[in-house]
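Undergrad: So that we are looking at the same thing, I have put the structure below in structure tokens.
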Amino acid sequence: MAARVVASIADLRALAQRRLPRMIFEFGDRGSYDEITLRWNRADLDALEFRQRVMIDVSQLSVATTVLGEPWSQPVAIAPTGLAGFFHRDGEICGAIAAEKAGVPFTLSTMSICSIEEVRRAVSKPFWFQVYLMRDRGFSKELIERARAADCSALVLTLDLTVQGVRRRDIKNGLSIPPRLTLQSALQIACKPRWAMGMLLGKRRTFGNFEARIQGTGGLRTLSQWIASQFDVSLTWRDVDWVRALWPGKLIVKGILDAEDARLAASTGVDAIVISNHGGRQLDAAPSSISVLPEIAEAVAGRCELLFDGGVQSGQDVLKALARGARACLIGKTFLYALAANGEAGVCRALDILRSELEVSMALCGVTDVQRVDRSVLRGG
Ligand SMILES: Cc1cc2nc3c(=O)[nH]c(=O)nc-3n(C[C@H](O)[C@H](O)[C@H](O)COP(=O)(O)O)c2cc1C
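Here the sequence shown stands for residues 18 to 398, numbered as in this note's numbering.
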């Protein structure tokens, strides 16, 4: 990876910051409103302490696990992130290939730059597809059918974005999709020629899954306005049944942060839920994901699998989430930093870092099998 030594996710973040125009870096890095939840996600993970144990044989240590009946090389998957293709040329394809090489799932966002079909052609194993339910249910149905045709192994239905939390940095930076050339953005892009060249060589610069809509909306700017107008504020749990009828495979709902909602989600018969506050990008002053994980694990009581995201930037964070009841973690920002830092190789490096940090932390906690991690690795349980 260039001449720089990358020893941590923080190093990848620093590289990403150097390589991306400010508006793109901050789109990925920042949170909504006062960014309270964004900070709590990290602060609450940092505050947890391990029990260091000694004189336990950890010579046979395994971080391999099984999630939704599939083998994973470690309990980490790549979260859906819209516009990943702006963090690196053909970013979604780079992410999917890296995940396949590392033996973990990749989740393609509805709001990706590369389309479902383009990503499918680039990998041999199925990936996960994330969907938003839109007012135009015909279009949501079409997306779900395309995911089925691409053999996606799970559908991730995101529930926490029926209205969009305001990210003030995006407003100040004038971020628009596709990027509009203003004096401010032209200056930012001119400072990052390597990124600009990558974008010019990439397959596309707007939402790949919406290509067919571009013709009908009379231009790209109208397309992003159309998408914004499509989020549906009238969603209820009945809509999960509607999705279930269209999708016979594994169904995951994402964006649960409350024990009562977790109970309701489990009773709809979903296969897994993702405990998530959208990386601190939606409801500001909502609790950190790690703080609500134990009560949600208790409420769900094993009726479906629990995935976790929000602030995961080290193998230690992964171990803490597992200790509090998660089966596995998703990485959002960590993935995007790695992607921006060095494309596919960067994402492979990030997954390597997480894996080795997890292994070392388990060894020092005296735990040998990641599938048996429980509260006893934490001080105070
Ligand atoms: C730039 C960016 C774009 C995102 N886009 C989506 C999306 O399209 N769909 C979705 O369900 N979640 C999206 N998320 C949320 C992530 O899937 C995930 O919940 C969150 O990033 C986890 O927190 P972390 O970034 O601290 O790991 C996005 C997150 C980021 C940072």
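Using N, Cα and C, we set each Cβ at its ideal position, and we do this for glycine too.
Between which two residues does the alpha helix (DSSP H) carrying residue 108 extend?
TA: Residue 108 sits at position 91 when you count from the first residue of the sequence shown. From DSSP, the alpha helix (DSSP H) with residue 108 extends over 108-119.
Undergrad: Report back the beta-carbon spacing between residue 348 and residue 93 to the nearest angstrom; my notes put them in contact at under 8 Å.
TA: Translated into the one-based positions of the sequence shown, residue 348 becomes position 331. Translated into the one-based positions of the sequence shown, residue 93 becomes position 76. About 6 Å separates the two Cβ atoms, so the contact holds.
Undergrad: Using a Cβ distance threshold of 8 Å, determine whether the stretch 104-113 contacts the stretch 349-366, with at least three qualifying pairs required.
TA: yes
Undergrad: Taking its Cβ as the centre, do 16 or more other Cβ atoms sit within 10 Å of residue 97, making it buried, or is it exposed?
TA: For the purposes of this step, residue 97 is taken as the residue at position 80 of the sequence shown. It counts as buried.
Undergrad: Could you give the first and the last residue of the continuous beta strand (DSSP E) run that contains residue 82?
TA: For the purposes of this step, residue 82 is taken as residue 65 along the sequence shown, with counting starting at 1. Where residue 82 is concerned, the enclosing beta strand (DSSP E) stretches over 82-84.
Undergrad: Looking only at C-alpha atoms, which of 133, 306, 394 sits nearest to residue 229?
TA: In the sequence shown, the residue the question calls residue 229 occupies position 212. Ranking the options by Cα distance to residue 229, first place goes to 133.
Undergrad: Grab me the residues of residue 316's own chain with a C-beta within less than 7 Å of its C-beta, minus the 5 sequence neighbours each way, in chain order.
TA: Start at 1 with the first residue of the sequence shown, and residue 316 comes out as number 299. The residues are 276, 279, 280.
Undergrad: Using the Cβ count rule (16 or more neighbours within 10 Å means buried), how would you classify residue 71?
TA: Counting from one through the sequence shown, the residue named residue 71 turns up at place 54. With fewer than 16 Cβ atoms within 10 Å of its Cβ, residue 71 is classed as exposed.
Undergrad: Write down every uninterrupted run of the alpha helix (DSSP H) in the stretch 42-83 whose length is 4 residues or greater and which is fully enclosed by it, in chain order.
TA: 53-64
Undergrad: Can you give me the Cβ contacts of residue 75 inside the same chain, cut-off strictly under 8 Å, excluding the 5 residues immediately before and after it?
TA: Counted from its first residue, the sequence shown places residue 75 at position 58. Hits under 8 Å: 379, 380, 383, 384, 385.
Undergrad: Please name the residue in 204, 371, 314, 66 whose C-alpha comes closest to that of residue 95.
TA: Here residue 95 refers to the residue found at position 78 of the sequence shown. Taking only the C-alpha atoms, the option nearest residue 95 is 371.
Undergrad: Taking 7 Å as the line, does the beta carbon of residue 359 fall inside it for any heavy atom of ligand 1?
TA: One-based indexing of the sequence shown puts residue 359 at position 342. No - ligand 1 has no heavy atom lying nearer than 7 Å to the Cβ of residue 359.
Undergrad: Look at the alpha carbon of residue 32 and the alpha carbon of residue 207, and state the distance between them as a whole number of angstroms.
TA: Here residue 32 corresponds to residue number 15 of the sequence shown, with the count starting at 1. Here residue 207 corresponds to residue number 190 of the sequence shown, with the count starting at 1. Each residue's alpha carbon lies about 18 Å from the other.
Undergrad: Does ligand 1 have a heavy atom nearer than 7 Å to the CB of residue 298?
TA: The sequence position of residue 298 within the sequence shown is 281, counting from 1. Residue 298: yes, Cβ under 7 Å from ligand 1.
Undergrad: Below 8 Å on the Cβ atoms is my contact criterion, and I expect residue 141 with residue 297 to pass it. Report the Cβ-Cβ distance as a whole number of Å.
TA: Position 124 of the sequence shown, counted from the first residue, corresponds to residue 141. Position 280 of the sequence shown, counted from the first residue, corresponds to residue 297. The Cβ separation is near 35 Å, so there is no contact.
Undergrad: Does chain B have any CB closer than 8 Å to the CB of residue 88?
TA: Among the chains of the structure shown, chain B does not appear; only one protein chain is present.
Undergrad: Around the C-beta of residue 210, are 16 or more other C-beta atoms found within 10 angstroms, so that it is buried, or is it exposed?
TA: Along the sequence shown, read from residue 1 onward, the residue named residue 210 stands at position 193. So residue 210 ends up on the exposed side.
Undergrad: Give me the residue from 128, 272, 38 with the minimum Cα distance to residue 243.
TA: What you label residue 243 is simply residue 226 of the sequence shown in a count that begins at 1. Comparing Cα positions, the closest option is 128.
Undergrad: DSSP three-state label for residue 96, please.
TA: Position 79 of the sequence shown, counting from 1, holds the residue named residue 96. Shown here, residue 96 sits in coil according to DSSP, grouped into three states, outside any helix or strand.
Undergrad: How far does the alpha helix (DSSP H) with residue 174 in it extend, from its first residue to its last?
TA: Locating residue 174 in the sequence shown gives position 157, where the first residue counts as 1. Where residue 174 is concerned, there is no enclosing alpha helix (DSSP H), although the beta strand (DSSP E) it sits in stretches over 171-175.
Undergrad: For the stretch 143-153 and the stretch 215-223, state whether three or more C-beta atom pairs, one from each stretch, are separated by less than 8 Å.
TA: Too few Cβ pairs lie closer than 8 Å, so no.
Undergrad: If we ignore side chains and look at the alpha-carbon of each, how far apart do residue 332 and residue 300 end up?
TA: Reading the sequence shown from its first residue, position 315 is the one you call residue 332. Reading the sequence shown from its first residue, position 283 is the one you call residue 300. Rounded to the nearest angstrom, the two C-alpha atoms are 27 Å apart.
Undergrad: Whole angstroms are fine: how far does the CA of residue 392 sit from the CA of residue 254?
TA: As a position in the sequence shown, residue 254 is number 237, starting the count at 1. As a position in the sequence shown, residue 392 is number 375, starting the count at 1. Looking at the two C-alpha atoms, the distance is approximately 32 Å.
Undergrad: On the three-state DSSP scale, how would you describe residue 309?
TA: Residue 309 sits at position 292 when you count from the first residue of the sequence shown. Helix, per DSSP.
Undergrad: As a quick exercise: from 130, 61, 189, 390, pick the residue whose alpha carbon is nearest that of residue 339.
TA: In the sequence shown, counting from the first residue as 1, residue 339 sits at position 322. Nearest option by C-alpha distance: 390.
Undergrad: So, residue 135 versus residue 161, is the Cβ gap smaller than 8 Å?
TA: If you number the sequence shown from 1, residue 135 lands on position 118. If you number the sequence shown from 1, residue 161 lands on position 144. In this structure, residue 161 does not lie closer than 8 Å to residue 135 by Cβ.
Undergrad: For the beta strand (DSSP E) containing residue 387, list its first residue and its last residue.
TA: Here residue 387 corresponds to residue number 370 of the sequence shown, with the count starting at 1. From DSSP, residue 387 is part of no beta strand (DSSP E); its letter is neither H nor E.
Undergrad: At a cut-off of 7 Å, is residue 295 close to ligand 1 when judged by its beta-carbon and the heavy atoms of the ligand?
TA: For the purposes of this step, residue 295 is identified with residue 278 of the sequence shown, where counting begins at 1. Answer for residue 295: yes, Cβ within range of ligand 1.
Undergrad: Ends of the alpha helix (DSSP H) at residue 283?
TA: Stepping through the sequence shown from its first residue, residue 283 is reached at position 266. Residues 276-284.
Undergrad: Are the CB atoms of residue 365 and residue 115 nearer to each other than 8 Å?
TA: On the sequence shown, residue 365 is found 348 positions in, with the first residue counted as 1. On the sequence shown, residue 115 is found 98 positions in, with the first residue counted as 1. The answer is yes: Cβ separation under 8 Å.
Undergrad: Do residue 363 and residue 29 have their C-beta atoms closer together than 8 Å?
TA: Here residue 363 refers to the residue found at position 346 when the sequence shown is read from its first residue. Here residue 29 refers to the residue found at position 12 when the sequence shown is read from its first residue. Yes. Within cutoff.
Undergrad: Which of helix, strand or coil does DSSP assign to residue 34?
TA: Position 17 of the sequence shown, counted from the start, is the residue given in the question as residue 34. Here residue 34 sits in helix by DSSP.
Undergrad: Using 10 angstroms around the beta-carbon of residue 51, count the other beta-carbons present and answer buried if the total reaches 16, otherwise exposed.
TA: In the sequence shown, counting from the first residue as 1, residue 51 sits at position 34. Label assigned to residue 51: exposed.
Undergrad: Is any non-hydrogen atom of ligand 1 found closer than 7 Å to the C-beta of residue 348, if you look at the structure I gave you?
TA: Within the sequence shown, residue 348 is the residue found at index 331, counting from 1. Checking every heavy atom of ligand 1 against the Cβ of residue 348, one is found closer than 7 Å.
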